[in-house]
Each structure stands twice: as structure tokens, then as C-alpha cells.
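K.L.:
For the protein sequence lines, the chains are A and B, in the order given. Those letters in the first sequence? Residues 17 to 468, per this note's numbering, in order. Those letters in the second sequence? Residues 17 to 468, per this note's numbering, in order. Even glycine gets a Cβ: it sits at the ideal position worked out from N, Cα and C. Shown below is the structure under consideration.
There are 2 protein chains.
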Amino acid sequence: MPETTKFTLEEHLIPRTWYNLAADLPSPLPPVLHPGTKQPVGPADLAPLFPESLILQEVSQEREIEIPDAVRDVYKLWRPTPLYRARRLEKALDTPAKIYYKYEGVSPAGSHKPNTAVAQAYYNKEAGVKRIVTETGAGQWGSSLAFAGALFGLEVNVYMVRVSYNQKPYRRALMETWGARCVPSPSTETAAGRAILEQRPDHPGSLGIAISEAVELAVQREDTKYALGSVLNHVLLHQTVIGAEALLQMEMAGDYPDVLVGCTGGGSNFAGMAFPYLGAQLRGGKKVRVVAVEPAACPSLTRGRYAYDFGDTAHLTPLTKMHTLGSTFTPPGFHAGGLRYHGMAPMVSHVKELGLIDAVAYHQTKCFEAGVLFARTEGILAAPEANHAIRGAVDEALAAKEEGKPRTILFNLCGHGHFDMQAYIDYNSGKLQDQHYDENELAMALAGLPPV
Amino acid sequence: MPETTKFTLEEHLIPRTWYNLAADLPSPLPPVLHPGTKQPVGPADLAPLFPESLILQEVSQEREIEIPDAVRDVYKLWRPTPLYRARRLEKALDTPAKIYYKYEGVSPAGSHKPNTAVAQAYYNKEAGVKRIVTETGAGQWGSSLAFAGALFGLEVNVYMVRVSYNQKPYRRALMETWGARCVPSPSTETAAGRAILEQRPDHPGSLGIAISEAVELAVQREDTKYALGSVLNHVLLHQTVIGAEALLQMEMAGDYPDVLVGCTGGGSNFAGMAFPYLGAQLRGGKKVRVVAVEPAACPSLTRGRYAYDFGDTAHLTPLTKMHTLGSTFTPPGFHAGGLRYHGMAPMVSHVKELGLIDAVAYHQTKCFEAGVLFARTEGILAAPEANHAIRGAVDEALAAKEEGKPRTILFNLCGHGHFDMQAYIDYNSGKLQDQHYDENELAMALAGLPPV
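This is the structure we're talking about:
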């Protein structure tokens with residue numbers, strides 16, 4: 017049996033700063049626009065939603081942003097996370113490639129999401145906020161914010177996409193055990209939710225709708241702010257602890273990736289791993305091919321348009337330039353709920369436009385096939401989202417075999433699948449089907465993009 | 017907010033030997049008896065069930081037994097496990113006590129069980145075995161053996177207690193994803209199972225019955241052996257990596273426990289933490305009070321008799337002297353399925369008789385109350401079994417507060433509760449009830465103990 021190779025950082029090497037890619041970009045990110053005036057938004061426009069400290073991070077051009085001691089202290093509960101060489105998987109694939117993976121599933125919530133949840137809870141608490149309102153897809157974000165809220169003494173309300181709420185009652189129980197309130201979205205608690213339910217009472221929900229609901233409630237109360245689990249610059253920033261640790265661990269391994277692979281929904285786990293490497297490259301370091309793997313049923317990077325769009329369905333958010341399928345697009349109910357978002361992080365979209373990253377799309381059965389192989393060789397049962405990254409890494413390794421050329425692959429295994437077992441039951445029993453969106457619906461959603 | 021205090025061992029400090037308490041006991045363990053002859057069994061009697069290497073460990077008097085490189089290598093996937101000081105819990109309890117916990121939930125299967133599953137899979141593979149048959153309660157053991165079997169290329173068949181099979185379909189899916197076959201017990205696949213179903217077709221099952229089924233099948237085939245997840249000496253032995261690491265970590269903390277707390281079903285996670293400390297004490301080291309916490313609905317240590325009994329219901333196993341509720345006793349279907357066993361590890365029973373450990377029993381709602389407090393302060397959502405240990409530690413801390421005297425408490429948090437969310441749903445909604453066994457059934461089961 018091939019040996020286990022784990023690269024463990026000492027605790028004092030948990031990063032002391034987050035890395036901000038904006039400082040190294042060859043061209044700046046297009047501005048965020050006010051939906052009414054179509055003029056760039058200022059900090060005051062975002063103040064009802066976020067504390068000032070997070071707004072400043074959102075627009076910062078500083079390369080390194082200090083991680084507060086209280087945040088770094090909570091990170092210690094599970095960080096530094098391990099980085100492994102997947103020798104058993106390499107052997108099963110009979111590939112000349114070397115495959116490494118960083119494992120973020122060791123956090124109490126089981127994914128990378130607490131990296132930003134803890135930071136956001138901290139800054140909100142510092143600003144005197146009493147309650148955070150948010151949306152969640154598969155529940156990884158909602159449970160992470162519930163966890164962070166419990167530790168910092170904040171009330172947390174979560175609007176959970178209805179199809180996931182029904183598919184994943186245990187994720188909801190996790191949030192409730194940490195003391196959060198969890199509501200299926202669309203709900204009757206907001207004008208946005210009620211309007212959608214009126215048109216379609218059995219609406220499965222989407223991240224876009226859940227965001228509308230959370231935003232609507234946050235702006236109504238002084239003591240309440242909104243938190244987003246992906247997409248925004250400050251969220252991607254907080255996730256860069258992943259890549260910063262990976263840089264050190266790959267150095268321990270005496271290796272450097274030729275190819276980086278990550279799965280993309282909103283883009284945060286992908287960016288968390290990729291941006292520190294892209295920054296190193298932009299500052300004159302080694303070029304690395306970066307592959308974003310997205311679900312074929314919700315393919316914003318490979319089928320979306322790079323355009324200004326709303327982040328939510330009810331059009332309460334500012335307009336950001338991103339790869340989007342249109343804010344009215346409702347992806348089918350496939351299992352990787354965390355990847356069911358119509359848009360892509362503006363910063364990820366920007367680097368895609370700059371040619372710094374590639375994107376591929378896979379249907380879910382191929383991803384589960386790779387995930388089961390991974391579980392049986394490496395021992396970790398991954399989340400459906402993470403199975404997309406595994407698929408991407410496996411295909412890179414198989415391409416290396418085909419070409420008879422070695423290469424070094426590093427991917428981010430963003431979470432475990434302990435709360436996604438129904439998906440595995442479906443896959444194991446042959447019932448899991450690939451999901452396809454309606455081409456007409458996509459065309460209509462794209463046609464409905466706001467004229468900017 | 018109180019600071020996070022984690023004590024992390026470097027990887028090279030993963031123990032190189034298991035610790036065998038038998039070497040330091042003031043009086044030897046009573047012999048295991050053949051059920052027919054009532055004479056001590058020899059290695060040949062156990063050969064149909066276990067490979068020779070494990071039989072030798074079962075009867076070894078050596079203090080240190082070397083961990084094979086291939087086993088230690090797989091341990092690296094998740095070991096050394098972290099040891100934390102629970103400062104946030106201490107603060108919530110306003111106690112002068114210091115509370116430490118060792119966390120075994122970081123393994124791919126989510127509990128301490130892989131410590132022995134990996135060892136058993138290795139020795140069976142070495143002996144040329146093709147298939148391992150086992151029983152499981154809540155599924156922690158079955159999934160751990162499925163994980164270990166996948167890594168070593170062994171076929172794994174698991175007989176799962178029916179009440180848990182129904183309560184925990186996701187644990188079953190976990191086993192199946194790792195490639196194991198999982199059957200609800202009692203089943204129609206064995207004579208033992210069929211006999212029980214004839215009497216009571218809706219029988220909820222028990223670990224004792226599932227053991228009978230697995231043993232029956234193992235002895236029928238040359239290429240098939242049996243594996244047990246707790247109770248036996250060699251299983252407890254493999255778990256001592258927990259306590260061996262904890263000794264080093266407490267040394268890093270500059271502290272030594274006054275009180276050790278663990279939950280007990282078969283006794284293996286408890287022994288894994290406690291035995292290295294008891295050994296140190298027996299060799300002249302500091303005395304530590306050791307508290308075994310068991311479920312009040314299946315209280316072998318506090319209500320059982322110390323007597324020779326069968327390990328299973330169909331009386332296929334040898335007779336061992338242990339604290340037992342009687343092998344025909346069927347515990348009610350409470351949620352800590354891993355603690356639903358009529359007997360107690362002979363070695364744990366022996367140290368109880370020697371006055372080296374104490375035992376207390378709690379009903380499940382009090383344990384969940386402590387578990388939810390723990391989740392909201394320390395961030396980890398524990399398994400129902402582990403909630404018993406948390407309850408025990410919390411009550412020790414509250415006693416310290418009452419007495420106004422500090423003390424150092426160390427407990428073993430043997431696993432996470434990600435596969436036990438239905439129990440949390442029941443608790444959060446107020447539906448969780450304490451379960452009570454039938455006093456008449458217990459009296460009858462005790463009266464039916466074999467005359468030895």
C-alpha cells in the first residue's frame with residue numbers, strides 16, 4: 017500500500033494576513049454600480065448591509081490585510097488544515113501525475129466556510145451588531161455562520177433554499193443546534209418571498225431568492241446586518257488563508273503545482289486556494305494553470321455572459337460585473353447545492369476575462385464517480401461540491417497518463433459529505449441523474465440582463 | 017472571548033507502541049472459558065474467528081506492543097488528534113475547574129473506532145483473509161471497518177442493529193460508499209437471526225444478536241474472519257494511542273488530570289484514554305480518579321453483575337467475566353447506539369472490581385443538554401455517545417464550583433455527531449425522551465446468567 021503523506025504546518029504558521037489579489041491585478045475590477053443611478057456605489061450605499069470594516073475590505077487595494085487576533089484564535093480550532101499527497105489515488109489511476117489536496121473539511125462545520133464566517137461574525141460583533149441575516153444553499157454557509165455566531169454571541173437567521181431545506185434536514189438541525197433560526201426560502205416573511213410564492217407556490221428556491229430575502233430583512237433593522245458566504249471581495253479575501261497555507265505546505269513537499277483545481281459556485285473556495293498562487297505568478301513567480309470546475313447544470317463561467325447583473329432575484333443588490341446566467345435563472349435541483357448560483361464572484365470573473373484561469377463544467381454523476389473512487393482510496397468522503405474538484409483533478413491526472421507526461425496537481429477539497437448522504441444513497445443505488453437546465457429559460461434570463 | 021488553546025503533537029510523536037495494561041495489573045484478568053467445557057480457552061479455540069497475530073495480542077502480557085509501520089502510516093491520515101482546553105465551556109459554567117478534551121472525531125469515519133479498525137484490517141490482510149464480518153450499533157464501528165477495509169483491499173460485511181439501521185440510513189450509506197455490504201440485524205441470513213425473528217418479527221436488534229450473526233458466518237468460511245469493535249483486550253489495546261498521545265499533550269499543557277472521564281458502551285474509547293493513565297499510576301505515578309459514564313438505559317457497570325457471560329445473544333462466543341446485564345437483555349432504543357451493549361469489556365470490568373475506576377449512569381436528555389452547551393461554546397457537535405462524557409465532565413466541573421476547589425478534568429470526545437442529527441432534531445424539538453428498560457426483563461436476564 018502506498019504511504020500516507022501529510023504536510024502539517026505548525027500552529028504559529030497560521031497566516032497573520034489575508035492576501036488581497038486586487039493589489040496585484042494588471043487591470044482593476046470594474047466598479048460596482050448603484051442599480052438606480054448606474055453610478056459607482058460608495059461605502060455609504062453598503063452601510064445598511066455590512067459593518068464599515070468589511071466595506072473597507074471590499075474596496076481595499078492593500079496587498080496584505082491583517083487577521084485580527086480574535087479571528088486567528090478561533091481559526092486555531094481547526095487550522096492549519098492538512099495538505100496531503102494522494103498517493104493511493106495516484107496508484108489507482110496509474111498516473112505519472114502527482115496529486116496533492118488541501119482538506120478544509122476538518123472545521124467544526126465541515127467546510128471552508130468558517131474561514132469567512134468567523135471573520136464576519138467578529139467584525140459585526142465589534143460594530144455592535146446584534147443579529148446577522150443570511151442565505152444558504154446546501155447549508156454549508158448557514159451552518160458555518162451559525163457556528164461563528166454561537167462563538168461570538170450573535171443571533172443568526174438563515175434563509176435556506178427550499179430544495180436543500182427539504183433534501184438536507186440534518187444540515188438545518190446543525191444550524192439549530194448552534195442556536196440559529198433557519199427558514200425555507202422563498203418564505204412568507206418577506207415581500208420578495210411572497211411575490212415569488214404567489215407566482216409559483218412550489219418554487220424550489222435559489223440562492224438569488226434567498227439573498228433577496230436576507231437583504232430585505234437586514235436593511236429594515238438598525239441592529240441587523242447581512243452576511244454573504246461567497247461572491248464578494250471580502251469573502252474571497254478571508255478564504256485566502258487556504259492558499260497561503262498551501263504555499264507553505266507545497267514548499268515543505270519540495271514541489272510546486274503545475275495545475276490548480278477548485279470547484280466554483282460563488283467562487284470563494286476556488287479563489288481562496290487560487291488567488292495566493294495567482295498573486296505569486298503576477299509578481300513574477302512561476303506560472304500555474306488554474307482550472308475552475310463548475311456544474312454543467314449551472315455553468316456561469318462556461319455558458320454565462322460577462323455583464324453587469326444583480327446578485328439576487330428581487331434586484332435589491334447593487335450591480336456587479338460578473339459571469340452570469342441572469343438573475344432570474346433557476347438552476348435545477350442537483351445535489352451540489354453550494355454551486356447553484358446564477359453568478360460568479362466578480363473577482364473570479366475578472367481573472368477569467370484576463371485569461372488567468374480556465375473553466376470546465378461537469379454533470380454530477382461523473383463527479384460522484386470520482387468522489388467514490390476518492391473515498392475508497394484516500395478515505396475521505398467529500399461533499400458533492402468538492403466532488404467536482406476531485407473530478408477535475410482526476411481528469412488532469414488521466415490526461416497526464418494519456419500524454420505520458422508527469423505533472424503536479426493541487427486541488428482544494430473544500431468539505432466533507434457527511435450531510436450529503438442522500439446524494440450518495442441516490443448515486444449508490446443508480447438513481448442519481450444528471451440535471452439539465454431549460455435552454456429557453458437560460459436564453460430568457462440572459463435576455464433579461466439589465467441594460468448597463 | 018476566552019482564547020482557543022489547542023495542544024498539537026508533531027506527526028513523529030504518533031505512538032510507536034500500543035500500551036497493554038495487563039502488564040501492570042495487580043492481579044490477572046480471569047481466564048476466558050470455553051462455553052462447553054468451562055475450561056480456559058486456548059489460541060486454537062479462537063483461530064476460526066481471528067488471525068493469530070490478534071489472538072496473541074489478546075493474551076499478551078507484554079507492556080508495549082509495536083504498532084506496524086503500515087498501521088501507523090494510515091494513522092497519519094488523522095493522527096495525532098488534537099487536545100484542547102475547553103476555555104469557553106469553563107467560562108459558561110463559571111467553574112474553577114480546568115477542562116481538557118481529546119478529540120477523536122477528526123478521523124475519516126468521525127470517531128475513535130478507526131484506531132482499531134485499521135489495525136484489525138492490517139493483521140487480517142497480512143494473514144491472507146479476504147473478507148471480514150462484523151456487527152455495528154450506531155454504525156461508527158461498521159463505517160470505520162468499511163473505511164479500513166477499503167484502504168487494505170478487504171471485503172467487509174456489516175450486521176447493523178435494526179433500530180440503528182432504521183434511525184441512521186446515512187451511516188449505512190457511508191459504509192456502502194466505502195464498498196461494504198450492510199445488512200439489518202436480526203437478519204434471515206443466519207440461523208441465529210432467523211430464530212430471533214421467528215419469536216419476534218419486529219425485533220429491534222441488539223449488539224449481542226448482531227455479534228451472533230457475524231460470528232456464525234465467520235466460522236463457516238475459511239477466507240472469512242470476524243472483527244469486533246470493542247470489548248476484547250486487543251481492541252482496547254489499539255485504542256491506547258489516544259491516552260498515549262494525551263499524556264504527551266497534557267505534559268505540553270504543563271498539567272496533569274485529577275479526573276479522567278469517558279463514556280462506556282463496550283469500553284474501548286474509555287479504556288483507550290484511561291489505561292495509559294492507570295498504567296502510569298500503577299507504576300507509581302500520580303493517582304487519577306477515573307469516571308466511566310454509561311447510559312442509564314443500559315447500565316452494565318452500575319446495575320450489572322460481575323459474572324461469566326456470553327458476549328452474544330445466541331451463545332456462540334466464549335464466556336468472559338465482565339459486568340453484564342445478561343446476554344438476553346435488550347436495551348431500549350435510545351440514540352447512543354454505540355452504548356447499547358449488555359456487557360462491558362472484561363479488562364474495564366476487572367479494573368472496576370479492583371477499585372481503580374468509578375462509574376456513573378445518565379439518561380440521554382441530560383447528556384444532550386450538556387452536548388448542546390458544548391456545541392455552542394466549543395463549536396464541536398458531538399455524537400450522542402460522546403455527550404455522555406461531556407455530561408460527566410460538566411458535572412465534575414460543577415462539583416468543583418460547588419466546593420469552590422479547582423481540579424483538572426480530562427475527557428475523551430470520541431466522535432462527532434454528524435450522523436446523529438435525528439437525535440438532535442428530537443432533542444431540539446422537545447421530543448427526545450429518556451428511555452427505561454423493563455426491570456423484570458433485567459431480572460430475568462440476570463437470572464439466566466450461565467452457571468459457572
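Drop a sphere of 10 angstroms on the beta-carbon of P44 (chain B), count the other beta-carbons inside from all chains shown, and report buried for 16 or more, exposed for fewer.
P.N.:
Burial call: exposed.
K.L.:
Report yes or no: is there a C-beta of chain A within less than 8 Å of the C-beta of M338 (chain B)?
P.N.:
No, because no Cβ of chain A sits closer than 8 Å to the Cβ of M338 (chain B).
K.L.:
Verify the CB distance criterion: does R392 (chain A) have a CB-CB separation below 8 Å to chain B?
P.N.:
Yes, contact with chain B.
K.L.:
Since C279 (chain B) sits in a beta bridge, which residues does DSSP pair it with?
P.N.:
Answer is B:V309, bridged to C279 (chain B).
K.L.:
Taking the beta strand (DSSP E) that V149 (chain B) belongs to, which residues open and close that run?
P.N.:
Residues R147 to T152.
K.L.:
Given 8 Å as the limit, is there contact between the region 144 to 163 of chain B and the region 453 to 467 of chain B, that is, 3 or more CB pairs closer than that?
P.N.:
No, they do not touch.
K.L.:
Sort A:S284, A:T240, A:V247 and A:V277 by Cα distance to V309 (chain A) and report the nearest one.
P.N.:
Out of A:S284, A:T240, A:V247 and A:V277, A:V277 has the C-alpha closest to the C-alpha of V309 (chain A).
K.L.:
Out of curiosity, what's the CA-to-CA distance linking I406 (chain A) and Q136 (chain A)?
P.N.:
If I take the Cα positions, the gap works out to 29 Å.
K.L.:
Which class does N36 (chain A) belong to by DSSP, given the choice of helix, strand or coil?
P.N.:
The answer is coil: DSSP assigns N36 (chain A) none of H, G, I, E or B.
K.L.:
Note down, one range per segment and in chain order, each alpha helix (DSSP H) of at least 4 residues found wholly within the region 46 to 122 of chain B.
P.N.:
Here the runs fully enclosed are 59 to 62, 68 to 75, 85 to 91 and 103 to 109.
K.L.:
Buried or exposed for A207 (chain A), going by 16 or more other Cβ atoms inside 10 Å?
P.N.:
Burial call: exposed.
K.L.:
Between M176 (chain B) and chain A, is there a C-beta pair that is closer than 8 Å?
P.N.:
No, M176 (chain B) does not count as interfacial toward chain A.
K.L.:
Taking Cβ positions only, does L167 (chain B) come closer than 8 Å to chain A?
P.N.:
Taking Cβ atoms only, chain A reaches closer than 8 Å to L167 (chain B), which makes this a yes.
K.L.:
Closest to R216 (chain A) by CA distance: which of A:M437, A:T346 and A:I81 is it?
P.N.:
Checking every option, the nearest Cα to that of R216 (chain A) belongs to A:T346.
K.L.:
Closer than 7 Å between beta carbons: that is the criterion. Which residues of the region 425 to 458 of chain B meet it against chain A?
P.N.:
So the close ones are H434, F435, M437, Y440, I441 and N444.
K.L.:
8 Å is my cut-off, CB to CB: does V122 (chain A) come that close to chain B?
P.N.:
It does; some Cβ of chain B falls within 8 Å.
K.L.:
According to the Cβ coordinates, are V87 (chain B) and V134 (chain B) closer than 8 Å?
P.N.:
Yes; because the gap between Cβ atoms is below 8 Å, this pair is in contact.
K.L.:
Which residues in the same chain as H78 (chain B) place their Cβ atom closer than 8 Å to its Cβ, once the five residues preceding and following it in sequence are excluded?
P.N.:
Correcting the residue type first, residue 78 (chain B) is Glu in the shown sequence and not His. Correct list, in chain order: N36 and A39.
K.L.:
May I ask you to report which of helix, strand or coil DSSP gives E394 (chain A)?
P.N.:
Three-state result, E394 (chain A): helix.
K.L.:
Who are the neighbours of Y139 (chain A) on chain B, taking C-beta pairs under 8 Å?
P.N.:
Neighbours of Y139 (chain A) on chain B: none; closest Cβ ~14 Å, over 8 Å.
K.L.:
Within 10 Å of its beta-carbon, does I114 (chain B) have 16 or more other beta-carbons around it, so buried, or fewer, so exposed?
P.N.:
Checking the sequence shown, residue 114 (chain B) turns out to be Lys, not Ile. Looking at its Cβ environment, which holds 16 or more other Cβ atoms inside 10 Å, K114 (chain B) is buried.
K.L.:
Evaluate S299 (chain A) with the Cβ neighbour count: other Cβ atoms within 10 Å of its Cβ, from every protein chain shown; 16 or more gives buried, anything less gives exposed.
P.N.:
Here residue 299 (chain A) turns out to be Arg, not Ser, going by the sequence shown. Result: exposed.
K.L.:
Along chain A, which residues have their Cβ under 9 Å away from the Cβ of K107 (chain B)?
P.N.:
In chain order: nothing, as chain A lies at least about 12 Å away.
K.L.:
Comparing C-alpha positions only, which one of B:G354, B:W194, B:A377 and B:A269 sits nearest to S284 (chain B)?
P.N.:
Of the candidates B:G354, B:W194, B:A377 and B:A269, the one whose C-alpha sits nearest the C-alpha of S284 (chain B) is B:G354.
K.L.:
With distance defined between alpha-carbon atoms, name the residue in A:G282, A:Y357 and A:R101 nearest to I225 (chain A).
P.N.:
Per the Cα distances, A:Y357.
K.L.:
Run the CB neighbour count on S445 (chain A), radius 10 Å, all protein chains shown included, and call it buried at 16 or more, exposed below.
P.N.:
Exposed, since its Cβ has fewer than 16 Cβ neighbours within 10 Å.
K.L.:
Check whether chain B comes within 8 Å of W157 (chain A), counting only Cβ atoms and requiring the distance to be less than that.
P.N.:
No, no contact with chain B.
K.L.:
Residue ranges of each alpha helix (DSSP H) run of no fewer than 4 residues wholly in the region 139 to 207 of chain B, ordered along the chain?
P.N.:
Taking only runs of at least 4 residues, the alpha helix (DSSP H) segments lying wholly in the region 139 to 207 of chain B are 156 to 168, 178 to 183 and 185 to 193.
K.L.:
Count Cβ pairs between the region 113 to 128 of chain B and the region 84 to 102 of chain B that sit closer than 8 Å; are there 3 or more?
P.N.:
With a cut-off of 8 Å, the region 84 to 102 of chain B and the region 113 to 128 of chain B count as touching, because enough Cβ pairs lie within range.
K.L.:
If the cut-off is 7 Å on Cβ atoms, which residues from the region 85 to 100 of chain A count as contacting chain B, listed in chain order?
P.N.:
Those would be A86, D89, V90, K92 and L93, in chain order.
K.L.:
Interface residues of chain A around I396 (chain B) at Cβ under 9 Å?
P.N.:
Ordered by position in chain A, the residues that pass the 9 Å Cβ test against I396 (chain B) are L93 and P124.
K.L.:
What three-state label does DSSP hand R321 (chain A) in the structure shown?
P.N.:
R321 (chain A): strand per DSSP, three-state reduction.
K.L.:
Is L252 (chain B) helix, strand or coil when you go by DSSP?
P.N.:
It is helical.
K.L.:
Cutting at 6 Å between CB atoms, please list the residues of its own chain near H366 (chain A), excluding the five before and the five after it.
P.N.:
Cβ neighbours of H366 (chain A) beyond the five flanking positions: L45.
K.L.:
Which residue wins for smallest C-alpha separation from T480 (chain A), given the options A:N131, A:D454, A:G395 and A:A164?
P.N.:
Residue 480 (chain A) falls outside the range modelled here, since chain A spans only 17 to 468, and no answer is possible.
K.L.:
Given that a residue counts as buried once 16 or more other Cβ atoms are within 10 Å of its Cβ, and exposed if not, what is R468 (chain B)?
P.N.:
It should be noted that the sequence gives Val, not Arg, for residue 468 (chain B). Answer is exposed; the Cβ neighbour count stays below 16.
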